[in-house]
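Asks: Once you've had a glance at the structure underneath, I'll fire off some questions.
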Amino acid sequence: MSNNPNQITGKAIIRFDGREYKTADDASLQPGGVKREPVKGAGKVHGFTESTVEPEMECTIYHTKETSLAEIQAIDNATVIFETDSGARWVLTGAFVLDALKLKTKGGECPIKMSAITCEED
11 MSNNPNQITG
21 KAIIRFDGRE
31 YKTADDASLQ
41 PGGVKREPVK
51 GAGKVHGFTE
61 STVEPEMECT
71 IYHTKETSLA
81 EIQAIDNATV
91 IFETDSGARW
101 VLTGAFVLDA
111 LKLKTKGGEC
121 PIKMSAITCE
131 ED
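Residues are numbered in our numbering as their position in the sequence shown, beginning at 1, plus a constant of 10.
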């Protein structure tokens, strides 16, 4: 990973419980946190309310003979490492797959969407 402060993030290495998967360069991470909504009335904004936003990670895995869709689909308490080529790294704990997997035969692509209990920058 890069130590160059001028490098812009362009890809990520993703590991589930230590196993690195072959992924496309379209991964995304939303670390979660707080969402604020304005509270309005009488033509004015009075303040805001807060709600919790869960961490989410999306990526596309390339399917090979060694890729078990059943194994990936069963993930419900994993540690996920999301490491960018620019040197940033996040650890998602208690990660779980959100949607049923769908394998696309053209290109062997399998999109995955996960959430987690926590997401911390490492």
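Just so it is clear, CB atoms sit at the ideal spot from N, CA and C, and this is done for glycine as well.
Under 9 angstroms, do residue 71 and residue 122 count as touching if we go by C-beta distance?
Replies: Contact flag set, yes.
Asks: Would you mind sorting residue 56 into buried or exposed? The rule is 16 or more other CB atoms within 10 Å of its CB.
Replies: Residue 56 is exposed by the Cβ-count criterion.
Asks: Report the rounded CA-to-CA distance for residue 35 versus residue 20, giving the unit in angstroms.
Replies: Spanning the two alpha carbons is a distance of roughly 7 angstroms.
Asks: Could you give the uninterrupted runs of the alpha helix (DSSP H) lying entirely in the segment 56–89, keeping only those of 4 residues or more?
Replies: As far as the segment 56–89 is concerned, its whole alpha helix (DSSP H) runs of at least 4 residues are 79–83.
Asks: What's the gap between the Cα of residue 131 and the Cα of residue 80?
Replies: Roughly 29 angstroms between the two C-alpha positions.
Asks: To which residues does DSSP link residue 41 through a beta bridge?
Replies: According to DSSP, residue 41 bridges with nothing at all.
Asks: Count the other CB atoms, across all protein chains shown, that sit within 10 Å of the CB of residue 90; report buried if there are 16 or more and exposed otherwise.
Replies: Residue 90 comes out buried.
Asks: Going by C-alpha to C-alpha distance, which of 83, 39, 84, 77 sits closest to residue 63?
Replies: Comparing Cα-Cα distances from residue 63 to each of 83, 39, 84, 77, the minimum goes to 39.
Asks: In this structure, how does DSSP classify residue 105 when only helix, strand and coil are distinguished?
Replies: If DSSP states are grouped into helix, strand and coil, residue 105 belongs with the strands.
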